[in-house]
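*Asks:* Okay, handing you the structure first.
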Amino acid sequence: MSGINSILDIAARALSAQQVGVEVTSHNVANVNTPGYSRQRVEFATGITVPTPYGPMGTGVKVQGIERAFDPFITARLDEKTSTLMDYQTRSAALEQVAAFFNETQEANLNNLLSEFWAAWQDLSDNPSGYGERQALVFKAISLCEAFSFKADQLVQERLSLLQQVGPALEEINEHAANIARLNREIVETEANGRTANDLRDQRQLEISKLAQLIGIRTFATGEGTINVTLINGLPLVEGVSSWEMSYELAPDGSVDLHWNGPGGTVKHITTDILAGGKLTALIEMRDVVIPSFQQELDQLAQEFIFLVNSQHTQGVGLTSFSQITGTYAVDDPAASLDSAGLPFGDRIVSGSFQIFVDDQGSPISTSTIALDPSFSLNDLVAAINSDPALNPYITASIENNCLKIEANSPSYTFGFAQDTSQVLAALGVNTFFTGDKAYTFEVNPLLVNQPQFIAAGLIDASGAHAVGDNRNALALAALEGTAVGSEGLTVAAWYQKLVSDLGLEAQQAASQKSFYQGLVEQLTQMRDAVSGVSLDEELTNLVKFQRAYQAAARLVTAADELYQTLLTIKK
Amino acid sequence: MRVTMPTIFRNIQGNLQNLAEDLQKLNASIASGQKYQKLSDNPVEVGALLGLYREGSQTQQFERNLITGKSWLSLTESALEHIEEMVRAAMALANQMASGTYNAAQRQAAAQQVQGYIEEIMQMGNTSLNGHYIFGGFRTDTPPFVTGDWEIQSPVLRLKPGSAGTATSGGTYTGSASCTFLVEIVSDGGTGVGTYRVSRDGGQTWSATSTIPAGPIALGDGAEVTLGGSWTAGDRILIPVYQEIEYQGDDHSFEIAVGSHSRLAINRLGNETVGGDQGPNDLFQILSRLKSYLEGNDVAGVGEALENLRSYETHLTSILAGLGASLDRISIKENLFATLKNELTQQISTRGDTDMVEAVNLLKTKETAYQAALVSATKVMGLSLMDYL
C-alpha cells in the first residue's frame, strides 16, 4: 500500500539509518587509536517489499546490523607470531645483558687478565727471586679471580632478576585468562538477542593477544560465541566462562616448577619443553637452562684452571720452605678414602707418591717419599707421614678442621714438597696457588697474598737443595698457558674464548630471530590493519556520504510534506 | 590494500627508529674507533680478535723475556771477554817468564802480578746483575766464587835423572800470604844420608843445609814435607801454599721462555767457564799453579802452566762463541717478534678497528636517509581530507 505516509516512513527510516551510519563512523573515528579496535560498519539492506497493484514496492532502507571488519585467520597468525617474537625478545634481552658482563670488546676483560696472569709468571721466571715480580703476580692473580667471580656473580644476579619477572608474568597470565572468561560470559549474555557484541569481542581478542605474548596458546571458538584457550599441550586456561590459574614454586634443585591448578584441586606440573613461545617460556628457559649452562661452563673452566695451576704449583718451592702449612680443602670425614671424602678435586688423586724435604737452618737434612693411593683416608696420610722415621724427628702431621696440617718440630726446621705424582697435595690444597673450586669461590691462596716468598718458582733438587734463582717451576707454570684442559682439548684462554663466542652467538641468534619475527609481526599487523584498522580519510568520506544521504532523506520529508500541503489545498 | 592510520604511523615510527639505531651504532663505532661494541655484534670476529689480542700479549711477553736474556748474556759475555783479556795477559807473562833470561826476583814479582789476575778474574766470576750473581746457576743470592782456606798443596818434584825420591807434604799453614817452599837436595842419598836446604823465595836465599830426617821437615809457618827414597843432588821439590778458589753455585742452567715451545739458557755456569772445580779447565787452579811455579822460580812449571792456559783459552773461546750464538738467536727472535707484532697489530686493526672512511661515508648516507625519512614523514602526516572539507 503506497501513499504519502509511506514516503514519510521511508524518509524516517532513511534518516535513522543514515544517522546510525554517522554514529558508527564517529565511533570509528573516536577509536582510531584504540588498541585492538576493529573498524565497524553498518550493514544496510533494503526494507521489506510490499505487494502493490503495481507490483512489489520497496519500503526503503533498514539497518541489518553493525559488523566489525575482522579476519580471524590473520589475527590468529599474528598472535602466534607475536608469541614467538616475545619469546625471542625476552631471550635476546637477557642474553644481551649476560653478554654485557662478558663483553670482551672492552678493556680490562678476562682474556686480557688471563694473558697478564701468564705473563706475570714469565716475568717471575725472568727474575725468580724478585719480590716485585712476586707481588705483581699476586695482584694479577687477584684481579683474575675477581673477574671470574664477578662474572659468576652477574650470572647469579641475572637468574635472580629473571625469577623476579616470573611471578608478575604468571599473575598477568591469570588475569588475562580471567578476563577472557569474564568477556566470554558477557558476550554470551549480550549476544543472546542475536546481535554481535563487537566491542566486547574486540576486548576479548585484545586479551587473547596479550595472553599470547606471555605464553604460547591455542584458541578454539565454540558455537555459543565463547572462545576456549589452552596451552600448547592442551591444558585449558579458559573453558567457556571459567578460567584456571597457573602458579609456580621453586623445586628442590632450584629450578622453577610451574603448576596448572585445574578444576577440583587438580595440580599438574608443566615442564618447559611443553611450553612454547611467549615471555614466560623464555624467562624460565633462560633462567633454568641457558644461563645455568654458561654458569656450569664457567665453573668448569675455573675448576680446570685452578687445578692446572695448583697441581704444578705444588711441585715447587718458594724462596723459603715452610715451617708449617695447612691445606685449604677440607674432607667431610678424615676416615673416608680421599677420593670420596668430599674434596672438590678428590677424584683426581691417583696412585703415586710425593716427597718431603726437611731443611735444618736452610740446609737439607732429611727426605722421604710418601706413597699413597686414592683409597687412603686423611687419617692414613697423617699416619704415613708421622710414622716415617726419616720425617718424624723433624715434622708432625695433624688434622685441623678436617684439613691436613704439617708443622716443623723446631723453629730451625723447615720443609718443602716435590715430585707429587699422586696430585694429593693439590687435592688437599697444600702448597697451592689458588683456593676454591668454582668461579665464585676462586681466590688466591691467602698464604701467598701475605707472603709472596712462598710462591713456588723453583724446584727442590733430588739432593734437597733449592736456590732462590731457580725458575724451573715458574717456567713450567708459565708454559701452562699452552696446556690443553678439559674434555675438548682447549687451552684455558681458548676455552674461555669459546665460551664467550658461544654466548655471543646465542645472543646474536636470539637477536636475529627477534628481528625476523619482528618483521613478520610487522607484516601481519599491516595485514590485520588493512582489514581492521581505521582510515580517517575513509571515515571522513563515509561521514560526508551519510550526511548527504541524511540530507536527501530530510529532503524526502519536505517533499512528502509538500505533497500533503498540495492535497490539503485541494480540500479548501 | 587498505592503508590505515595505525599502519602509516607505525611505519613512520618503525623506520625512524631503525634509522636512529643504525646512526647510533655508526656513531659508537666512530667514536670508539672499534667496529664491535657488543659481543653479539659479531661473535666470530670478536672471538678471533680475542685470540689475536692473546697472541699479541704473548709476543710482548716474549719480547720482555728477551730483554732479560739479552742483559744476562751480554753481561756474561763482557765478563768472560774481560777474563779472556786477563788470560791473554797471564799467557804473555808466562811466556816471558818461561825464558831463562829472568831471575828468581823477577819471577817473584811476576807471581804477584798473577795473584792480581786471579783476584780480578774472581771478581769477574762474581759479577752480578741487579743483585743476582750470574755465574752461580740458581744460587743467585750468594757469590759463586769464594776463597778457601790456606792449603798446602802436593809437592811438585823436579828430579835429576836416576833419582828415586818421593815427597809428601803436610802440616797446617799458619802464615797469611801465599808462598812456595823450595826444597833442594844438596848431596845424594836417602834418609839420614842426603842433605837438603829450603828456600821461601825461589832460591834467592837458602836455609842452612841439613840431613834428610826420617820424619817430616818443618818448612816454616806450620808447613811440613816428608822426604823418602834416595835422592840425587840438585833434585828440587816445590811445595806450593795457596788459597784455593771454590765454586759455590749449582749446576742448573737458567732458562727463559723465548717462544711457546722454546727456551734459551741465558746463564753460563762459573765452574764450567771459569773454574773452581779443580778440573782440567779450572782457570783458578792453572793460575795458582803458575803463581807457585813463579814463586818457586820453576821454569819448567811455568811452561806447563802456559800450555794449560792455552788449552783453557781454546775452551773459553768456544764458550764465547756459544754466547755469541745465543745473543744472535736473541736478536733473530727480536726481529721475528717485531715483525709478528706488526702483523698482529695490523690484523687486529683490520678486524677490529673502524674503517673511518667507510664509517663516515655510511654515516653521511644514513644521515641523508634520516633527513629524507623525516621530510617524507611530515609530508605524509600532514595529509588529510579534513583540510579540504
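Here the protein sequences line up with chains A and B, keeping their order.
Per the numbering used here, the very first residue in the first sequence carries number 1; after that it's consecutive.
Per the numbering used here, the very first residue in the second sequence carries number 1001; after that it's consecutive.
Glycine included, each C-beta is placed from N, C-alpha and C at the ideal position.
Note that the structure is predicted; figures quoted are calculated from it, not measured.
(1) What separation, rounded to the nearest whole angstrom, lies between the Cα atoms of residue 1/A and residue 53/A?
(2) Is any beta-carbon of chain A found at less than 8 Å from that of residue 1255/B?
(3) Rounding to the nearest angstrom, what Cα-Cα distance links residue 1267/B and residue 461/A in this structure?
(4) For residue 507/A, collect the residues of the same chain with a Cβ closer than 8 Å to its Cβ; drop the 5 residues on either side in sequence, then sort them by chain order.
(5) Under the rule that 16 or more other beta-carbon atoms within 10 Å means buried, what is residue 176/A, buried or exposed?
(6) What residues from the region 141-165 of chain A come within 7 Å of chain B, judged by C-beta to C-beta, listed N to C?
(7) For the beta strand (DSSP E) that residue 988/B lies in, which residues bound it at each end?
(8) Name, going along the chain, the residues of the region 1171-1194 of chain B whose beta-carbon falls closer than 7 Å to a beta-carbon of chain A.
(9) Does DSSP classify residue 198/A as helix, strand or coil?
(10) CB of residue 86/A to nearest heavy atom of the ligand MG: below 7 Å?
(11) Suppose only complete runs of 4+ residues qualify. What are the alpha helix (DSSP H) ranges in the region 127-195 of chain A, listed by chain order?
(12) For residue 1359/B and residue 1048/B, what's the separation of their Cα atoms in angstroms?
(13) Spell out the partners DSSP gives residue 364/A in its beta bridges.
(14) Leaving aside the five residues before and after residue 239/A along the sequence, list all residues of the same chain whose C-beta is less than 7 Å from its C-beta, in chain order.
(15) Helix, strand or coil for residue 1009/B, going by three-state DSSP, please let me know.
(16) Are there 16 or more other CB atoms within 10 angstroms of the CB of residue 1386/B, so buried, or fewer, so exposed?
(17) Which of helix, strand or coil does DSSP assign to residue 488/A?
(18) With a threshold of 8 Å on Cβ separation, who are the neighbours of residue 1259/B within its own chain once the five nearest residues in sequence on each side are excluded?
(19) Would you say residue 1261/B and residue 469/A are within 8 Å of each other, going by their C-beta atoms?
(20) Measure the Cβ-Cβ separation of residue 1230/B and residue 1167/B and say whether it is below 8 Å.
(21) Would you please verify whether the beta carbon of residue 436/A is less than 8 Å from any beta carbon of chain B?
(22) Is the beta carbon of residue 1237/B sitting closer than 8 Å to the one on residue 1153/B?
(23) Residues of chain A with CB under 8 Å from residue 1053/B, in chain order?
(24) How would you list, in chain order, the residues of chain A whose beta-carbon sits under 8 Å from the beta-carbon of residue 1141/B?
(25) State yes or no: is the C-beta of residue 1117/B within less than 8 Å of the C-beta of residue 1086/B?
(26) Helix, strand or coil for residue 1043/B? Go by DSSP, reduced to three states.
(27) Report the neighbours of residue 1144/B on chain A: residues whose CB is nearer than 8 Å to its CB, in chain order.
(28) Hey, would you say residue 278/A sits closer than 8 Å to residue 515/A, going by beta carbons?
(29) In the DSSP assignment, what residue or residues form a beta bridge with residue 62/A?
(30) On the CB-based measure, 16 or more other CB atoms within 10 Å of its CB, does residue 253/A come out buried or exposed?
(31) Can you grab the Cα-Cα spacing for the pair residue 66/A / residue 42/A, in whole Å?
(32) By the DSSP assignment, the alpha helix (DSSP H) with residue 1158/B in it spans what residues?
(33) Kindly indicate which three-state DSSP category residue 1311/B falls into: helix, strand or coil?
(34) Three-state secondary structure (DSSP) at residue 1283/B?
(35) Rounded to whole angstroms, what's the CA-CA distance from residue 502/A to residue 291/A? Just pull it up for me.
*Replies:* Let me spell this out:
(1) Any reading at residue 1/A must be qualified, since the residue scores a pLDDT of 45, below 50, and its modelled position is unreliable; no value is offered.
(2) yes
(3) 19 Å
(4) 92, 95, 96, 98, 99
(5) buried
(6) none
(7) No answer is possible for residue 988/B: the residues shown for chain B start at 1001 and end at 1389.
(8) none
(9) helix
(10) The ligand content of the structure shown is nil, which means the ligand MG is not present either.
(11) 131-190
(12) 22 Å
(13) 359/A
(14) 228
(15) helix
(16) exposed
(17) coil
(18) 1062, 1333
(19) no
(20) no
(21) no
(22) no
(23) 111, 112, 115
(24) 129, 467, 468, 469
(25) yes
(26) helix
(27) Going along chain A, no residue has its Cβ under 8 Å from residue 1144/B, so there is no contact; the nearest lies around 11 Å.
(28) no
(29) 45/A
(30) exposed
(31) 5 Å
(32) No alpha helix (DSSP H) contains residue 1158/B, which is instead part of the beta strand (DSSP E) from 1156-1158.
(33) helix
(34) helix
(35) 12 Å
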